[in-house]
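For reference, the structure discussed in these notes is given below.
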Amino acid sequence: MNDTTSNGLDGLELDVAIIGTGVGGLYALHRARNEMGLNAQAFDDAGGVGGTWYWNRYPGCRVDTESTVYTYSFDMDMFQNWEWSERYAKQSEVLNYLNAVADKHDLKRSINFNTRIASMVWSDDEGRWTLTTKGGDTFKAKYVIEAVGLLSSSYAPQFPDQDKFKGEVLLASKWPEEEPDLAGKRVGVVGTGSTGIQIITALADKVGHLHVLQRTPQWVVPLGIGPFPLETREKIKKDPVGFREWALSTAAVFGFDESTVSALEVSEDERNRVYEAAWQKGNGFAFMLETFSDIPVTPEANKTATDFIKSKIDAIVKDPKVAAMLTPKDYYAKRPLAADNYYDTFNRDNVTLHDVKANPIERFSENGLIIGGEEVELDVLIMATGFDAMTGNYLKIETIGRDGVRLQDEWNDGPHAYAGMSIAKFPNLLMVFGPFSPFTSQPLVHEWQVQFLTEMIEKAQEGNGLIETSLDAQEDWVRVCQEGMAGTLFQVTDSWINGANIPGKPRTSMWFMGGMGGYMQEMNAIKSDDYRGFEIN
Ligand code: N01
């Protein structure tokens, strides 16, 4: 459907409007409609549920956190009995799972797909938000829950003269539903983040020639793709509640316990033994967090990890010049990357690595790209250039709160929010995994936040129906988060984590760094203190 056509929503009156039907939005709809009996409706730009898993269908796309924690727990039966086939589920399997959840709980009848919310305006007099779709329909809701995705607002830099290019340009994060035929073709990939490395390793043996257009190399460790481990399945089946509690008790909720041992307090032999075991086991997050406790915070500890990965690059990559190009110069402190056989891929005759920092991409030509003055002939160019993370999708919706305050102005110097869930001056607007949420994996944390914020709605419904956020509480939360982030190497290493990937975006912290345990403790204390920082009446 063309998104400028009406969606037949004019005049609708809702208790709760939910924006987005990915992991957070689907559960919010289930809570609000099925469990709380509210008149709730969800809206999604996409043609189906799944959020990021609806759009990202590129070759090789799969979760790179363990499938065990990529699942809801509200439906204990599904949590206990859903049989993921692989340790890291493929995109198709995740999408299938999210559709199964939506179907089981009959959610789709309350979702308007192909519907983009363009603006929202709060009225104090009415105690309602007025939402307008891109198609021009206008409707009202007492509460809005934005579940718009951390990494869903695509970033795609434009290179000049694209109209001259006779080949095809594909955006990884908006991959066509009909799989493009890349067999035997000359394919270029711009970007070597999580998306790029999955595409590169998936396509290298399928295309004619693969040109990897790398601006900044990143530290990559093996993922360890394989069948879902039987012992984990047994553990979940035996004690699903215990498994969930344990997963949430870890700092980053990735399905393993973080190390408490400093990389600097053990001998070099012991360190290398630990790193080697982690390398063999796979999983980028485990390599960073399960091995030693101080890799993301102490430069010297970080260097022990990068020295180890560098030794692997040098041992695997046959051409020393290519090995040098693949070796990062910065800390191992971006979102960690993992893919099997990544470095081996560059030993293939049909793979060429280009350094597009030294020789920038200048423009398209009819037959490909001009890079450093030379033409690289391509049939297809894949852009794996990332996302305007965290704030991107909120800022795409023109959002006007109390007294005409615009979200776009309030966040001009970076986001301001309380507890990752609400914003001062924007009553009854709640977010799932919004700015200053815990720095963790997502599904179980989305679920936890949805539970928390829908309980606030329940409480507000007993009174005048208003949920507000204190500006002082918000600014305190932001300060604590920024102080927490300032103590890490994530803050000083350019990536989407701090906004450095988007030209012109304010570089800022957007995370609560106290771990999920710390977050739950803080939020439970807030709740016991009559929802301190929120004003619910
Ligand atoms: O994006 P990124 P991503 N010219 O920002 C390059 C999640 N995710 O989509 O580093 C040339 O990491 C840019 O280069 P540089 C996951 O959380 C999860 O890969 O800025 N290159 C970089 O190499 C992940 O962290 C999964 O110099 C340009 C790349 O594009 C997050 O999404 C899978 C450029 C962008 O890397 C984002 O990952 C995929 C230009 N003009 C993604 N502009 C799972 O497995 C940008 N680049 C769950």
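When the letters of the sequence shown are read in order and numbered with the working numbering, they come out as residues 60 to 596.
Just so it is clear, CB atoms sit at the ideal spot from N, CA and C, and this is done for glycine as well.
This one's a predicted model, so the numbers in the text were calculated from it and none came from an experiment.
> Looking at the structure shown, is residue 77 part of a helix, part of a strand, or coil, going by DSSP?
Replying inline: In this structure, residue 77 counts as strand in the three-state DSSP scheme.
> Quick one: Cα of residue 444 to Cα of residue 272, how far?
Replying inline: Approximately 11 Å, taken between the alpha carbons.
> Which ranges would you report for the alpha helix (DSSP H) in the stretch 363-450 if only whole runs of at least 4 residues count?
Replying inline: Taking 4 residues as the minimum length, the alpha helix (DSSP H) runs contained wholly in the stretch 363-450 are 379-385, in order along the chain.
>> I want to know whether the stretch 283-301 touches the stretch 402-415 - three or more CB-CB distances under 8 Å.
In response: At 8 Å Cβ cutoff, the stretches do not touch.
> With residue 68 and residue 196 assumed to form a contact (beta carbons below 8 Å), what rounded beta-carbon distance in angstroms separates them?
Replying inline: Sure, about 4 Å apart at Cβ, within 8 Å.
> By Cβ distance below 7 Å, which residues in the same chain neighbour residue 60 in space, the five residues on each side in sequence not counted?
Replying inline: Annotation note: pLDDT 47 at residue 60 (below 50); position unreliable, no value reported.
>> Three Cβ pairs or more, each shorter than 8 Å: is that satisfied between the stretch 238-258 and the stretch 118-126?
In response: Under the three-pair Cβ rule at 8 Å, the stretch 238-258 counts as touching the stretch 118-126.
> Since residue 415 and residue 430 are thought to touch, with beta carbons under 8 Å apart, how far apart are those beta carbons, to the nearest angstrom?
Replying inline: Indeed, because the Cβ distance is near 6 Å, the residues count as touching under 8 Å.
>> Quick check: the Cα distance between residue 165 and residue 66, rounded to an integer number of angstroms?
In response: Linking residue 165 to residue 66 through their CA atoms gives a straight-line distance of about 21 Å.
> Does the Cβ-Cβ distance between residue 144 and residue 138 come in under 9 Å?
Replying inline: The Cβ atoms of residue 144 and residue 138 lie no closer than 9 Å to each other.
> Would the beta-carbon of residue 385 fall within 9 Å of that of residue 246?
Replying inline: For residue 385 and residue 246, no; Cβs fall outside 9 Å.
> Alpha carbon to alpha carbon, what distance is there between residue 328 and residue 214?
Replying inline: Just so you know, the alpha carbons of residue 214 and residue 328 end up roughly 43 Å apart.
> Cβ of residue 587 less than 9 Å from any chain B Cβ?
Replying inline: Here there is only one protein chain, and chain B is not present.
> What residue does the beta strand (DSSP E) around residue 247 start on, and which one ends it?
Replying inline: Run containing residue 247: 245-249, per the beta strand (DSSP E) assignment.
> What is the rounded straight-line gap between the Cα of residue 418 and the Cα of residue 219?
Replying inline: Their backbone Cα atoms lie some 16 Å apart in a straight line.
> Are the Cβ atoms of residue 570 and residue 498 separated by less than 9 Å?
Replying inline: A contact, by the Cβ cut-off of 9 Å.
>> Between which residues of its own chain and residue 557 is the CB-CB distance below 8 Å, once the five residues before and five after are set aside?
In response: Contacts found: 544, 549, 550, 566, 567, 568 and 569.
> Would the beta-carbon of residue 444 be found less than 8 Å away from any heavy atom of ligand 1?
Replying inline: For residue 444, the CB falls within less than 8 Å of some heavy atom of ligand 1.
>> For residue 583 and residue 79, I'd like the C-alpha separation in whole angstroms.
In response: About 26 Å.
>> Do residue 83 and residue 509 have their beta-carbon atoms positioned less than 9 Å apart in this structure?
In response: Yes, the pair counts as a contact, with Cβ atoms nearer than the cut-off.
> Do you know offhand how far residue 93's Cα is from residue 161's?
Replying inline: One C-alpha to the other measures close to 12 Å.
> Taking C-alpha atoms, which residue in 528, 552 and 287 lies nearest to residue 589?
Replying inline: Checking every option, the nearest Cα to that of residue 589 belongs to 528.
>> Let me check you understand the geometry: is the CB of residue 415 closer than 8 Å to at least one non-hydrogen atom of ligand 3?
In response: Absence of ligand 3 is noted for the structure shown, with ligand 1 being the only ligands found.
>> Let me make sure I understand the geometry here. Which of 102, 103 and 86 has the alpha-carbon closest to that of residue 95?
In response: Residue 86 is the option with its Cα nearest to residue 95.
> In this structure, does DSSP put residue 281 in helix, strand or coil?
Replying inline: If DSSP states are grouped into helix, strand and coil, residue 281 belongs with coil.
> Taking 8 Å as the line, does the beta carbon of residue 555 fall inside it for any heavy atom of ligand 1?
Replying inline: Because some heavy atom of ligand 1 lies under 8 Å away, the Cβ of residue 555 counts as near it: yes.
>> What would DSSP say about residue 60, mapped onto helix, strand or coil?
In response: Bear in mind that the predicted position of residue 60 carries a pLDDT of just 47, short of 50, making it too unreliable to give a figure here.
> Can you tell me whether DSSP reads residue 595 as helix, strand or coil?
Replying inline: In the structure shown, residue 595 sits in a strand (DSSP, three-state: E or B).
> With a CB to CB cut of under 6 Å and the five nearest residues on each side skipped, what residues in its chain are close to residue 420?
Replying inline: Setting aside the 5 residues that flank it on each side, residue 420 is surrounded in the same chain by 218, 428 and 430, each with a C-beta closer than 6 Å to its C-beta; the list follows chain order.
>> Please return the same chain residues whose Cβ sits closer than 7 Å to the Cβ of residue 398, not counting the five positions on each side in sequence.
In response: Answer for residue 398: 256, 257, 260, 279 and 282, listed in chain order.
> So is residue 470 buried or exposed if we call it buried at 16+ other beta carbons inside 10 Å?
Replying inline: Counting Cβ neighbours within 10 Å, residue 470 comes out buried, since at least 16 surround it.
> Which whole-angstrom value is the C-beta distance of residue 207 and residue 477, which I expect to be below 8 Å?
Replying inline: The C-beta separation of residue 207 from residue 477 comes to about 17 Å, leaving the pair out of contact by the 8 Å criterion.
>> Are the CB atoms of residue 265 and residue 230 within a distance shorter than 9 Å?
In response: For residue 230 and residue 265, no; Cβs fall outside 9 Å.
> Where DSSP assigns a beta bridge to residue 199, which residues make up the other side?
Replying inline: Per DSSP, 72 and 189.
> For residue 121, which beta-bridge partners are listed by DSSP?
Replying inline: Looking at the DSSP assignment, residue 121 forms a beta bridge with 149.
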